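Working notes, structure below.
Residue numbers (our numbering): 3 to 611.
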């Protein structure tokens, strides 16, 4: 009865809440309806146009269709004009309101000028066009930084085995991609015959392809050489001419089929800019792929690459690099079996490097590691960032990729698709066998439930003999390196921050013998660094800081850690000064609730029994 009376008394309040909720629900419904999935295809055949450029200037939207020709648009106004452009096709401009009613865009091919095709059919003229195009590319010395989405999916014997997605910043110098700086990544994997297939450093291999300078990793193409050299190895043919574009086909002579690419060049008439290049090779004699183990081998390597460019003559920039390759992988060992066995698998991969947003690159995590690490090792270092992935458009997943993710979740594994799976091997020992530190990271993330232990199997932790120890200052025989990993992500108009305390094992060493206080000495130090990180993170969370202010707070934190480290090391003397160690232990106990000394004592006592 009391409940009924209370309800009647507050009926108007409840109705207000219900009305507010209905308004919120309707607003949410309207916003949800503002997103539309659009298909882009050819008008004649209806076939999908993969990697078609899509843009809307008013909302600064920019993207490309996926391999199936789909893109998801999330704009604001129905009057917003969306522009679709694809090389060799007439551009289309359609309002967002029209797309919501009919999300199918069919592109018409640009008309050819047959008379000009006939006039320019001569080989000499075509080789001269290619030479001029090469000169334009080599004169491009612009420096740019772009965000990059990298996606690659791999099959073996028609079974999905890998789907890798990574985001980077790319430093681009003219035509060359100098470096990829890792932002975040994730991967789905499934075994075949008890083994995993991983595309190691594949992103790095793809950016090594230079279209005007030959290297030993890729077959030759006409743009690699002078006009006279190209005429010895290639035949050229004009396929079509439009108002502003030459389309030229190149094919190698018979004796160069395995060492040279076949392909097509889209060259702008007026400027001789390269707009697009397609190249492919069958059973290549040189390629950038290597087996992981020297006793394994690759055969029948086929691959094709397409590069698309955008921009004017003064600032031509990469738009995307799409690729696919296949080979037969022959393995003479098995990482999961005690007995070796011979396996032969057909492996097929396809993927894309999509370059976008040349104005505002990603904020790369603050952490020092060797940039030569491959994608998988970097994923074991830089933690999954949910705020980052939720804010990214990237390239829309295809229906096949979505289906494969379900397959990996049920029959393989998903790595970096959730929080708190960082700091371990990308493939855990339970999968690869305890004897194989396949992608073990050696960077230990602070964890309340896990304590540091010395790894004496590392050379830099080898115990020196008494003579070496006595001949050196003890301070020169050990070095403990801790980093604070700070990951800052732009989310709409705000900056989202996450931080982690990481013990940097590769840059630490300990050549002294271990005694009863060593474990406590190490872990109290690690915990102290975590305390400073918590102070920093609380400050970042409680203020709406600018990027410059965040950098300043981070610098102060690192400086405080350096100061407190000097005091700690001096006072405790490797843990030998018991009173000082107890005092620091109490400091950690009060702030983190961790009693390292008692924990070590309990562990030692248990080991004795």
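All C-beta atoms in this analysis are idealised placements derived from N, C-alpha and C, irrespective of residue type, glycine included. No experiment lies behind these values; they were computed from the predicted model shown.
How is the beta strand (DSSP E) around residue 495 delimited, first residue to last? For the purposes of this step, residue 495 is taken as residue 493 along the chain shown, with counting starting at 1. From DSSP, residue 495 is part of no beta strand (DSSP E); its letter is neither H nor E.
Can the beta-carbon of residue 84 be found closer than 8 Å to that of residue 96? Looking up residue 84 in the chain shown gives position 82. Looking up residue 96 in the chain shown gives position 94. Cβ atoms of residue 84 and residue 96: closer than 8 Å.
Using three-state DSSP, classify residue 18 as helix, strand or coil. One-based indexing of the chain shown puts residue 18 at position 16. Any reading at residue 18 must be qualified, since the residue scores a pLDDT of 41, below 50, and its modelled position is unreliable; no value is offered.
Within 10 Å of its beta-carbon, does residue 73 have 16 or more other beta-carbons around it, so buried, or fewer, so exposed? Taking the first residue of the chain shown as 1, we reach residue 73 at position 71. With 16 or more other Cβ atoms within 10 Å, it is buried.
Same chain, Cβ closer than 6 Å to residue 239, neighbours up to 5 away in sequence not counted: The residue you call residue 239 lines up with position 237 of the chain shown. Around residue 239: 251.
Residue 269 and residue 482 - do their beta-carbons sit closer together than 8 Å? Here residue 482 is taken as the residue at index 480 of the chain shown, counted from 1. Here residue 269 is taken as the residue at index 267 of the chain shown, counted from 1. Taking 8 Å as the Cβ cut-off, residue 482 and residue 269 do not qualify as a contacting pair.
Helix, strand or coil, according to DSSP, for residue 547 in the structure here? In the chain shown, the residue the question calls residue 547 occupies position 545. Residue state, collapsed to three classes: coil.
Starting from the Cα of residue 510, find the closest Cα among 490, 454, 472 and 538 and give me that residue. Numbered from its first residue, the chain shown carries residue 510 at position 508. Selected option, being the one with the closest Cα: 454.
I need the straight-line Cα distance from residue 106 to residue 41, nearest angstrom please. The residue labelled residue 106 in the question sits at position 104 within the chain shown. The residue labelled residue 41 in the question sits at position 39 within the chain shown. Cα to Cα, the separation comes out at about 5 Å.
Under a Cβ-count criterion, where at least 16 other Cβ atoms within 10 Å of its own Cβ denotes burial, should residue 172 be classed as buried or exposed? Taking the first residue of the chain shown as 1, we reach residue 172 at position 170. Buried, since its Cβ has 16 or more Cβ neighbours within 10 Å.
Enclosing beta strand (DSSP E) for residue 76 [first to last residue]: In the chain shown, the residue the question calls residue 76 occupies position 74. Element bounds for residue 76: 72 to 76.
Using a Cβ-Cβ cutoff of less than 7 Å, which residues in the same chain neighbour residue 39 once the five nearest sequence positions on both sides are dropped? Here residue 39 is taken as the residue at index 37 of the chain shown, counted from 1. The residues are 72, 74 and 105.
Among 56, 218, 346 and 527, which residue has its Cα nearest to the Cα of residue 77? Residue mapping note: residue 77 aligns to position 75 of the chain shown, counting from 1. Considering only alpha carbons, the answer is 56.
Kindly indicate the opening and closing residues of the alpha helix (DSSP H) around residue 209. Here the question's residue 209 lines up with position 207 in the chain shown. 204 to 209 is the extent of the alpha helix (DSSP H) around residue 209.
Alpha carbon of residue 398 to alpha carbon of residue 506, nearest angstrom: Taking the first residue of the chain shown as position 1, residue 398 is located at position 396. Taking the first residue of the chain shown as position 1, residue 506 is located at position 504. If I take the Cα positions, the gap works out to 36 Å.
Can you say whether residue 380 is buried or exposed, counting buried as having 16 or more other CB atoms within 10 angstroms of its CB? Locating residue 380 in the chain shown gives position 378, counting from the first residue. Buried, by the Cβ-count rule.
With three or more C-beta pairs closer than 8 Å as the rule, is the segment 127 to 144 touching the segment 359 to 377? no
Using a Cβ-based criterion (distance less than 7 Å to any ligand heavy atom), does residue 143 qualify as near the ligand ATP? This structure lacks the ligand ATP; in fact it carries no ligand of any kind.
Straight-line Cα distance separating residue 547 from residue 165: Taking the first residue of the chain shown as position 1, residue 165 is located at position 163. Taking the first residue of the chain shown as position 1, residue 547 is located at position 545. Approximately 36 Å, taken between the alpha carbons.
Could you have a look at residue 352 and say whether DSSP puts it in helix, strand or coil? For the purposes of this step, residue 352 is taken as the residue at position 350 of the chain shown. Residue 352 falls in the strand class under three-state DSSP.
Run through the DSSP bridge pairs and tell me what residue 481 is partnered with. As a first step, residue 481 is located in the chain shown; it is residue number 479 there, counting from the start. Residue 481 is bridged to 511.
Would you tell me roughly how many angstroms separate the C-alpha atoms of residue 176 and residue 205, rounded to the nearest one? Working through the chain shown from its first residue, we reach residue 176 at position 174. Working through the chain shown from its first residue, we reach residue 205 at position 203. The straight-line gap from Cα to Cα measures roughly 19 Å.
Taking 8 Å as the cut-off, does the segment 293 to 308 touch the segment 229 to 239 (at least 3 CB pairs, one atom from each stretch)? no
Opposite residue 107 in the DSSP bridges: which residues? By 1-based counting over the chain shown, the position of residue 107 is 105. In the DSSP output, where bridge partners are listed per residue, residue 107 has 42.
Option in 162, 98 and 79 with minimal Cα separation from residue 412: Stepping through the chain shown from its first residue, residue 412 is reached at position 410. The candidate whose alpha carbon is nearest that of residue 412 is 162.
Among 111, 580 and 456, which one has its Cα closest to the Cα of residue 245? Here the question's residue 245 lines up with position 243 in the chain shown. The candidate whose alpha carbon is nearest that of residue 245 is 111.
In terms of alpha-carbon separation, which member of 529, 287, 279 and 334 lies closest to residue 294? Here residue 294 refers to the residue found at position 292 of the chain shown. Minimum Cα distance to residue 294 is reached at 334.
Could you pull out every residue in the same chain whose Cβ sits closer than 6 Å to the Cβ of residue 284, ignoring the five residues on either side in sequence? If you number the chain shown from 1, residue 284 lands on position 282. So the qualifying residues of the chain are 304.
Close beta carbons around residue 364, own chain, < 7 Å, minus the five adjacent residues each side: Reading the chain shown from its first residue, position 362 is the one you call residue 364. Excluding sequence neighbours, residue 364 sits near 149, 169, 171 and 185.
Tell me where the alpha helix (DSSP H) around residue 612 begins and ends. This structure does not reach residue 612, given that the chain is present from 3 up to 611, and the question cannot be answered.
Distance, residue 69 Cα to residue 207 Cα: In the chain shown, the residue the question calls residue 207 occupies position 205. In the chain shown, the residue the question calls residue 69 occupies position 67. The alpha-carbon atoms of residue 207 and residue 69 are separated by roughly 21 Å.
Are at least three pairs of beta-carbons, each pair with one atom in the segment 495 to 503 and one in the segment 525 to 540, less than 8 Å apart? yes
Give the secondary structure of residue 2 by DSSP, where H, G and I count as helix, E and B as strand, and everything else as coil. The question about residue 2 has no answer, for the chain in this structure spans 3 to 611.
Can you pull the DSSP bridge partners for residue 310? The residue you call residue 310 lines up with position 308 of the chain shown. In DSSP, residue 310 forms a bridge with 278 and 322.
Report the rounded CA-to-CA distance for residue 478 versus residue 484, giving the unit in angstroms. Position 476 of the chain shown, counted from the first residue, corresponds to residue 478. Position 482 of the chain shown, counted from the first residue, corresponds to residue 484. Looking at the two C-alpha atoms, the distance is approximately 17 Å.
In this structure, how does DSSP classify residue 427 when only helix, strand and coil are distinguished? Within the chain shown, the letter at position 425 stands for residue 427. Reliability of the predicted coordinates at residue 427 is poor, the pLDDT of 46 falling under 50, and no value is obtained from them.
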